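**Q** Line by line, the protein sequences give chains V and H.
Residue 306 in this note's numbering sits at position 306 of the first sequence, with consecutive numbering throughout.
Here this note's numbering = 1-based position in the second sequence + 637.
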Amino acid sequence: MKLDSKIPDGPLADKWTKHKFNLKLVNPANKRKYNIIVVGTGLAGASAAASLAELGYNVQSFCFQDSPRRAHSIAAQGGINAAKNYPNDGDSVYRLFYDTIKGGDYRSREANVHRLAEVSVNIIDQCVAQGVPFAREYGGLLDNRSFGGAQVSRTFYARGQTGQQLLLGAYSALSRQIHKGTVKMHTREEMLDLVMIDGQAKGIVTRNLETGTIDTHSAHAVLLCTGGYGNVFFLSTNAQGSNVTAAWRAHKHGALFANPCFTQIHPTCIPVSGDHQSKLTLMSESLRNDGRVWVPKQKADKRKASQIPENERDYFLERKYPSFGNLVPRDVASRNAKEQCDAGFGVGTSGLAVFLDFADAIKRLGEDTVRARYGNLFDMYAQITGENPYAEPMRIYPAVHYTMGGLWVDYNLSTTIPGLYALGEANFSDHGANRLGASALMQGLADGYYVIPSTVSDYLATIGPKPIDKNHPAFAEAKAKVEAQTKKLLSIKGTKTVAEYHRELGLIMWEYCGMARNDAGLRKAQVLIQELRVDFWKNVNVTGTNEELNQQLERAGRVADFLELGELMVVDALARAESCGGHFREESQTEEGEALRKDDEYCYVSAWQYTGENQPEVLHKEELNFENVKLTQRSYK
Amino acid sequence: MSGHMNLTLKVWRQKDAKSTGKLENYEAKDISPDMSFLEMIDVVNESLIKKGVEPIAFDHDCREGICGACSMYINGEAHGPKRAITTCQLHMRSFHDGETITIEPWRANAFPVIKDLVVDRSAFDRIIQAGGYVSVNTGVTIDANSIPIEKEIADDAMDAAACIGCGACVAACKNASATLFLSAKVSQLALLPQGQAERQIRVEAMIDQMEEEGFGNCTNTEACSAVCPKEIGQHHIARMNREFFGAKLSSPKK
Numbered sequence: 001m002k003l004d005s006k007i008p009d010g011p012l013a014d015k016w017t018k019h020k021f022n023l024k025l026v027n028p029a030n031k032r033k034y035n036i037i038v039v040g041t042g043l044a045g046a047s048a049a050a051s052l053a054e055l056g057y058n059v060q061s062f063c064f065q066d067s068p069r070r071a072h073s074i075a076a077q078g079g080i081n082a083a084k085n086y087p088n089d090g091d092s093v094y095r096l097f098y099d100t101i102k103g104g105d106y107r108s109r110e111a112n113v114h115r116l117a118e119v120s121v122n123i124i125d126q127c128v129a130q131g132v133p134f135a136r137e138y139g140g141l142l143d144n145r146s147f148g149g150a151q152v153s154r155t156f157y158a159r160g161q162t163g164q165q166l167l168l169g170a171y172s173a174l175s176r177q178i179h180k181g182t183v184k185m186h187t188r189e190e191m192l193d194l195v196m197i198d199g200q201a202k203g204i205v206t207r208n209l210e211t212g213t214i215d216t217h218s219a220h221a222v223l224l225c226t227g228g229y230g231n232v233f234f235l236s237t238n239a240q241g242s243n244v245t246a247a248w249r250a251h252k253h254g255a256l257f258a259n260p261c262f263t264q265i266h267p268t269c270i271p272v273s274g275d276h277q278s279k280l281t282l283m284s285e286s287l288r289n290d291g292r293v294w295v296p297k298q299k300a301d302k303r304k305a306s307q308i309p310e311n312e313r314d315y316f317l318e319r320k321y322p323s324f325g326n327l328v329p330r331d332v333a334s335r336n337a338k339e340q341c342d343a344g345f346g347v348g349t350s351g352l353a354v355f356l357d358f359a360d361a362i363k364r365l366g367e368d369t370v371r372a373r374y375g376n377l378f379d380m381y382a383q384i385t386g387e388n389p390y391a392e393p394m395r396i397y398p399a400v401h402y403t404m405g406g407l408w409v410d411y412n413l414s415t416t417i418p419g420l421y422a423l424g425e426a427n428f429s430d431h432g433a434n435r436l437g438a439s440a441l442m443q444g445l446a447d448g449y450y451v452i453p454s455t456v457s458d459y460l461a462t463i464g465p466k467p468i469d470k471n472h473p474a475f476a477e478a479k480a481k482v483e484a485q486t487k488k489l490l491s492i493k494g495t496k497t498v499a500e501y502h503r504e505l506g507l508i509m510w511e512y513c514g515m516a517r518n519d520a521g522l523r524k525a526q527v528l529i530q531e532l533r534v535d536f537w538k539n540v541n542v543t544g545t546n547e548e549l550n551q552q553l554e555r556a557g558r559v560a561d562f563l564e565l566g567e568l569m570v571v572d573a574l575a576r577a578e579s580c581g582g583h584f585r586e587e588s589q590t591e592e593g594e595a596l597r598k599d600d601e602y603c604y605v606s607a608w609q610y611t612g613e614n615q616p617e618v619l620h621k622e623e624l625n626f627e628n629v630k631l632t633q634r635s636y637k
Numbered sequence: 638m639s640g641h642m643n644l645t646l647k648v649w650r651q652k653d654a655k656s657t658g659k660l661e662n663y664e665a666k667d668i669s670p671d672m673s674f675l676e677m678i679d680v681v682n683e684s685l686i687k688k689g690v691e692p693i694a695f696d697h698d699c700r701e702g703i704c705g706a707c708s709m710y711i712n713g714e715a716h717g718p719k720r721a722i723t724t725c726q727l728h729m730r731s732f733h734d735g736e737t738i739t740i741e742p743w744r745a746n747a748f749p750v751i752k753d754l755v756v757d758r759s760a761f762d763r764i765i766q767a768g769g770y771v772s773v774n775t776g777v778t779i780d781a782n783s784i785p786i787e788k789e790i791a792d793d794a795m796d797a798a799a800c801i802g803c804g805a806c807v808a809a810c811k812n813a814s815a816t817l818f819l820s821a822k823v824s825q826l827a828l829l830p831q832g833q834a835e836r837q838i839r840v841e842a843m844i845d846q847m848e849e850e851g852f853g854n855c856t857n858t859e860a861c862s863a864v865c866p867k868e869i870g871q872h873h874i875a876r877m878n879r880e881f882f883g884a885k886l887s888s889p890k891k
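(1) Using the beta-carbon count (16 or more within 10 Å), is V:ARG154 buried or exposed?
(2) When the cut-off is 8 Å and only beta carbons count, does V:TYR86 lie next to chain H?
(3) What does V:ARG207 pair with, by DSSP beta-bridge criteria?
(4) Output yes or no for whether 8 Å exceeds the beta carbon distance between V:LYS488 and V:VAL540.
(5) For a cutoff of 8 Å on Cβ pairs, would you count H:ASP734 as touching chain A?
(6) Any C-beta of chain V sitting closer than 8 Å to the C-beta of H:PHE852?
(7) Strictly below 7 Å CB to CB, what residues from chain V border H:ILE784?
(8) Which residues, in chain order, does the region 249-277 of chain V contribute to contact with chain H at a C-beta distance below 8 Å?
(9) How far does the alpha helix (DSSP H) with V:HIS19 in it extend, from its first residue to its last?
(10) What residues in the region 114-128 of chain V bring their beta carbon closer than 9 Å to a beta carbon of chain H?
(11) Measuring straight from C-alpha to C-alpha, what distance separates H:LYS647 and H:LEU660?
(12) Is V:PRO389 close to chain H, meaning its C-beta is less than 8 Å from at least one C-beta of that chain?
(13) Taking the beta carbon of H:MET638 as the centre, do at least 16 other beta carbons fall within 10 Å, making it buried, or is it exposed?
(14) Does the contact criterion of 3 or more C-beta pairs under 8 Å hold for the region 242-259 of chain V versus the region 208-218 of chain V?
(15) As an exercise, report each continuous beta strand (DSSP E) stretch of at least 3 residues that is fully enclosed by the region 700-756 of chain H, in chain order.
(16) For V:ASN144, return the contacting residues in chain H, with the cut-off set at a CB-CB distance below 7 Å.
(17) So V:HIS266 is in the beta strand (DSSP E); what residue range does that whole segment cover?
(18) Compare the beta carbon distance of V:LEU653 and V:LEU43 with 8 Å and say whether it is the shorter of the two.
(19) Determine contact between the region 177-195 of chain V and the region 347-366 of chain V, defined as no fewer than three beta-carbon pairs at a distance below 8 Å.
(20) For H:GLU841, which residues in chain V fall below 8 Å Cβ to Cβ?
(21) Mind pulling the chain V residues with CB within less than 8 Å of H:GLU691?
(22) For V:SER284 and chain H, any beta-carbon pair shorter than 8 Å?
(23) Any C-beta of chain H sitting closer than 8 Å to the C-beta of V:PRO133?
(24) Kindly list, in the order they appear in chain H, the residues whose Cβ is closer than 7 Å to that of V:GLU210.
(25) State the DSSP-derived secondary structure class of H:ILE686, mapped to helix, strand or coil.
(26) What in chain H is Cβ-close to V:GLN551, meaning under 7 Å?
(27) Compute the Euclidean distance between the alpha carbons of V:PRO616 and V:TYR610, then round it to the nearest angstrom.
(28) I need the DSSP call for H:HIS641, collapsed to helix, strand or coil.
(29) Quick one: complete beta strand (DSSP E) runs, 3+ long, within the region 42-82 of chain V?
(30) With 8 Å set as the bound, which would you pick, yes or no: does the beta-carbon of H:LEU819 sit closer than that to a beta-carbon of chain V?
(31) Going by C-alpha to C-alpha distance, which of V:TYR397, V:ALA372 and V:ASN546 sits closest to V:VAL347?
(32) Would you mind stating whether V:LYS6 and V:TYR411 have Cβ atoms separated by less than 8 Å?
(33) Give every residue of the same chain whose Cβ lies closer than 6 Å to the Cβ of V:MET404, excluding the five residues on either side of it in the sequence, and list them in chain order.
(34) Measure the Cβ-Cβ separation of H:PRO866 and H:GLY735 and say whether it is below 8 Å.
(35) For the region 52-69 of chain V, list every residue whose C-beta sits within 8 Å of some C-beta in chain H, in sequence order.
(36) Any beta-carbon of chain V closer than 8 Å to the one on H:SER759?
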C-alpha cells in the first residue's frame, strides 16, 4: 500500500489557500442530496456537524452520552492557542507552527501543522461571535496567558473551563441546526461498526443504549470524531466512557492506525489513592509556573513535608534543568518524576508521588495572590485528597492524558478508506510525538469548523449524490456481525467482571508501555495482553440482556477493543527503537539520560494495517519531509 | 486499612420506564474514606455482579465535576450533603461508619426514569435547541477584539455560562422547574453584545419550550441555587424575568 498524504505543492504558507481552490465544490442545490454521518459530539464532531449542516448537507450526528454537551472536550481546563499576537510579543502563524512542530519532537507533518496555525485565528473570532465568554482585560479586550513550550502568550481561556465554554459554543451551533431539522441527533447511540460497499464507507451500525436496538444508517461520508484512546490504560484523565471502539472497528475494515504508541503522560495529576481508583484528575499545567517540584534526599522518608529541612530536599527539575527548571515540557517532567519514585524517593503512602510545593510562592506573593491565581485548583485538590495545599505541598504524579496517535489521515483528513474521515484526537496528524498544552482544543475546532467543510466536498462531488441502497447486503451483514458479537459477549457468563479485565490490561500497559519502554518489557507485555484477551473471551461475565440499558455490555465491547489496540501499541513501541516526545525507549538515551531521537532511522509516521484476527499487523511508513524546519535535539538544560 | 467504613445503601431500582421501582438495600463493605461516591458504587456493583445480581445503573462520565452526567439524589439532597460539587466530586469521608445512605434518581415529570438512577434529560437539550444560541454560521467573521466587552459583564456572563446542565436545580425544586437552567443561558446571552439581536425571540422560545416539556413554574424558593454545583445565582432568574417581560411588551411575536 502506498500512503499518499496528498500534501499540496508550493510554499508552506500558500498550500492551504491553493488547495482549497483546487478542491471540488458541491453545488448548493445538490448539497441536500448528500447524507453525512458524524460520530461524536466533542469539539471536532459538534463543530463539523454544525458547519456541514449550515452548508446544506443532511447530517446525522451520534453520541453515546445522553446529550451532545457531555462529550469529554468539556473537561479541558487550560485554554486554546491562537496566533493572534494581541499582546504584541512577537507571535505569528509561523511561530505557532514552529513551536508545535518542535514540541511534537519533529514527528508531525509540516503542512498540516501550518494549516492548523493559520486557521487558529479564525477559531477565536468564530467562538467570540457565538458568545463564548473568554477572559477579558479591564479595557474589554481578550486576555491571554502563557503555556508550556512557548515563549509568547497566545493562550485564550475561560477561567479553568475553556473546554467547557468552547464545547458549549459548538453545542449551541449544533443545537441550532437540530432545531432547523438539518441535523438529526441520535443520543445514547453508539457506533459499533462501519458499513463498507465496494471498499468505500457507506454507513454505520449502531446500538441504541436505552433499548438495545441495533440499527444501520447510510451516508455518503462518515466522519469519526470519537476522541482518543487513553482509557486503554484503565486509569487516565479521560472520561469513563471515552473509548476507541468506532476508530478500532474502522481500523479492522482497512483504515490504517498511525503512531499508536504516542501517548501523552501529563506530569501534574493527583496520585492514585487506592485500588478502588476509577480515574485520575489533572491539575492544570499552569501550576508549574509557581509550584516547585521536589522529593526528600533520603529514600522512603516518611516525615511530613514541613518537617524536612531545606538542605534535605532535592528540587530535581531545577537541579537538572537550570534554564527551564520546573517549566520543562510535559514528557520531561513526567519522566523525571517517575525516575525519582522508581529510585525510592517518592512520597505519600504509595511512594508514587512527588511534592509540588507553593510555600515559596505564598511567601513571595502572599496567600491571597496564590488563591486568586489557582484557587479553584487548590479547592479541587482539597476536595479529592482531604488535605490543605496552602499548608502542605501537593502530591502529584504523572497520568495518561492524551493520545497523539490515531487513525492515519491524509491532508484532507481522509483515512485510507474512501469516504471515512477522522477529526480531532481520533486522528494522528498534528501533534507528532508530544502535544503542547492548549493545542488539542485548537485542533478539534480547526478540523471541524474549517478543514472538513472544504475537503469533504471534493470527495462528495467525485462520487455524486446518488442515493445509497439500504437494501445492499452489506448493511444486513454488518448488522448481523454486531448482533453476533453482542450475543457472544452476553453468552460467556464467566467469572471475571469487565472492570477486572480492564484494570489488568491497564496495569500491563502502564508497567511496560507507559512512561519508559524497553525491548524486553514490550515483548513481555505483548504476550501478557494476548493471554488476557484469550481469557476475556472465555471467562468474562457480562450481566443482563441486550434489550435494555446495559452498562456492562457497553463497557465489555469497549474493553474487547482495548485488548486488541493495547497489543498494537506495544508492537508500535517495539518497532520504534528511538526516543521521541512521549515515547521514551530506555535503549535510546543520551549520556545524561535524556531522550535520544534517531532521525536517520525513524523520521516517519508508523501506519499499521490490520490483516485479520490474531494476525500480525503490517507496518507502512510515511516519510516525514521537513522543508522549512531544521531538526535538532531538544535541550532544556 | 484503618478508617474503612461499612455502610447500608437504600438504592432506587427500576427495570425500565414502564416498570414500578422500589428501594433495595445493599451493604457497602470496607469503604475507604478516600473513595469518591461513585467509586463506592463501583465497589458495590462489582460485588453485586459476583453475586449474580444486576449492577446499579447510573449516569456518569468525566468524574471531575464538569460533564454534568452524574445525577444522584443522596439522602434527600441533589448531589448529596456538600455544596458546590457534583456527585462524582463527593468523597466518602463526608460519611461515617454504620451510616445508611438513600440514593434516588432525579425526580421530575420532565425527567422520566430510564433505569435505576438514570433519567432522560433530553428536555434540557430541546430547551437549548429552541433558542439558546447566537445565530451565526461558521465562517470568517469579524476580528474577536472588535467586540470589546466590559470585564465585569464578561465575568457575569461566564458565571451563568458555567452551567453544566446536570438538572440538580430541577430535582431540588418542589415544582420541578427548569427556570435556573434556562435563565443561565438567557442571562449569558442577554449580557453579551453578541446576544442582543435575538434577545426577545430567544427568551420567549425557550420559555415556551420549557412549558411544553412539563417543567413546573418558579416560585422563588431558591432551592435550585442552593444545590447548583456551579453556584449559579438567583439574579440570573431575575434577569430572565426582566427579559421575558420586555419581550412580551415589545416583541413582534406578541
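Glycine is no exception: its CB is placed at the ideal position from the N, C-alpha and C atoms.
Please read all numbers here as calculations on a predicted model, not as lab measurements.
**A** Working from what's here:
(1) Position 154 of the first sequence, counted from the start, is the residue given in the question as residue 154 of chain V. In summary, V:ARG154 is buried, with 16 or more beta-carbon neighbours lying within 10 Å of its beta-carbon over all protein chains present.
(2) The residue you call residue 86 of chain V lines up with position 86 of the first sequence. At a cut-off of 8 Å between beta carbons, V:TYR86 contacts chain H.
(3) The sequence position of residue 207 of chain V within the first sequence is 207, counting from 1. According to DSSP, which records beta bridges pairwise, V:ARG207 is partnered with V:GLU190 and V:ILE214.
(4) Walking along the first sequence from the start, residue 488 of chain V turns up at place 488. Walking along the first sequence from the start, residue 540 of chain V turns up at place 540. In terms of Cβ geometry, V:LYS488 and V:VAL540 do not form a close pair [threshold 8 Å].
(5) No chain A is present in this structure, whose protein chains are V and H.
(6) Along the second sequence, read from residue 1 onward, the residue named residue 852 of chain H stands at position 215. It does not; no Cβ of chain V falls within 8 Å.
(7) Translated into positions along the second sequence, residue 784 of chain H becomes position 147. Within 7 Å of the CB of H:ILE784, the CB atoms of chain V belong to VAL128, in sequence order along the chain.
(8) Using a CB distance below 8 Å, the part of the region 249-277 of chain V facing chain H consists of SER273, GLY274, HIS276 and GLN277, ordered along the chain.
(9) Residue mapping note: residue 19 of chain V aligns to position 19 of the first sequence, counting from 1. Here the alpha helix (DSSP H) through V:HIS19 covers 15-22.
(10) Those residues of the region 114-128 of chain V that come within reach of chain H (Cβ to Cβ, closer than 9 Å) are VAL121, ASN122, ILE124, ASP125, GLN126, CYS127 and VAL128.
(11) The residue you call residue 647 of chain H lines up with position 10 of the second sequence. The residue you call residue 660 of chain H lines up with position 23 of the second sequence. Rounded to the nearest angstrom, the two C-alpha atoms are 6 Å apart.
(12) The residue you call residue 389 of chain V lines up with position 389 of the first sequence. No, no contact with chain H.
(13) For this step, residue 638 of chain H is matched to residue 1 along the second sequence. Residue placement at H:MET638 is poorly supported in this model, since its pLDDT is 46, which falls under 50; the coordinates still yield a value, given next. Counting other Cβ atoms within 10 Å of its Cβ, H:MET638 stays below 16 and is therefore classed as exposed.
(14) These segments do not touch.
(15) Runs of the beta strand (DSSP E) inside the region 700-756 of chain H: 737-741 and 750-752.
(16) To locate residue 144 of chain V, count along the first sequence from 1; it is residue 144. At a beta-carbon threshold of 7 Å, none of the residues of chain H lie near V:ASN144; the nearest stands roughly 11 Å away.
(17) Numbered from 1 along the first sequence, position 266 holds the residue referred to as residue 266 of chain V. Taken as a continuous stretch (DSSP letters only), the beta strand (DSSP E) holding V:HIS266 covers 263-269.
(18) The requested residue 653 of chain V does not occur in the structure, where chain V is confined to residues 1 to 637.
(19) No, because fewer than three Cβ pairs between the region 177-195 of chain V and the region 347-366 of chain V fall closer than 8 Å, the two stretches do not touch.
(20) By one-based count along the second sequence, residue 841 of chain H stands at place 204. Those do not exist, as H:GLU841 stays about 14 Å from chain V at its closest Cβ, beyond 8 Å.
(21) As a first step, residue 691 of chain H must be located in the second sequence, where it is residue number 54. In chain order: THR543 and GLY544.
(22) Position 284 of the first sequence, counted from the first residue, corresponds to residue 284 of chain V. No, because no Cβ of chain H sits closer than 8 Å to the Cβ of V:SER284.
(23) Translated into positions along the first sequence, residue 133 of chain V becomes position 133. Yes, contact with chain H.
(24) Stepping through the first sequence from its first residue, residue 210 of chain V is reached at position 210. Annotation: Cβ neighbours of V:GLU210 in chain H (cutoff 7 Å, chain order): ILE751.
(25) Along the second sequence, read from residue 1 onward, the residue named residue 686 of chain H stands at position 49. Taken through DSSP and simplified to helix, strand or coil, H:ILE686 comes out as helix.
(26) The residue given as residue 551 of chain V occupies position 551 in the first sequence. Simply ALA694.
(27) As a position in the first sequence, residue 616 of chain V is number 616, starting the count at 1. As a position in the first sequence, residue 610 of chain V is number 610, starting the count at 1. Annotation: V:PRO616 to V:TYR610 spans about 8 Å, alpha carbon to alpha carbon.
(28) Within the second sequence, the letter at position 4 stands for residue 641 of chain H. Three-state result, H:HIS641: coil.
(29) Restricting attention to beta strand (DSSP E) runs no shorter than 3 residues, the region 42-82 of chain V encloses them at 58-62, ordered along the chain.
(30) For the purposes of this step, residue 819 of chain H is taken as residue 182 along the second sequence, with counting starting at 1. Taking 8 Å as the CB threshold, H:LEU819 stays off the interface with chain V.
(31) Taking the first sequence and counting its residues from 1, the one referred to as residue 347 of chain V is at position 347. Distance from the Cα of V:VAL347 is smallest, within the candidate group V:TYR397, V:ALA372 and V:ASN546, for V:TYR397.
(32) Position 6 of the first sequence holds residue 6 of chain V. Position 411 of the first sequence holds residue 411 of chain V. Cβ distance < 8 Å, so V:LYS6 and V:TYR411 count as in contact.
(33) Translated into positions along the first sequence, residue 404 of chain V becomes position 404. PHE262, HIS431 and ARG435.
(34) For the purposes of this step, residue 866 of chain H is taken as the residue at position 229 of the second sequence. For the purposes of this step, residue 735 of chain H is taken as the residue at position 98 of the second sequence. No, the pair does not count as a contact, with Cβ atoms beyond the cut-off.
(35) Per Cβ criterion, the list reads GLU54, GLN65, ASP66, SER67, PRO68 and ARG69.
(36) Here residue 759 of chain H is taken as the residue at index 122 of the second sequence, counted from 1. Yes, contact with chain V.
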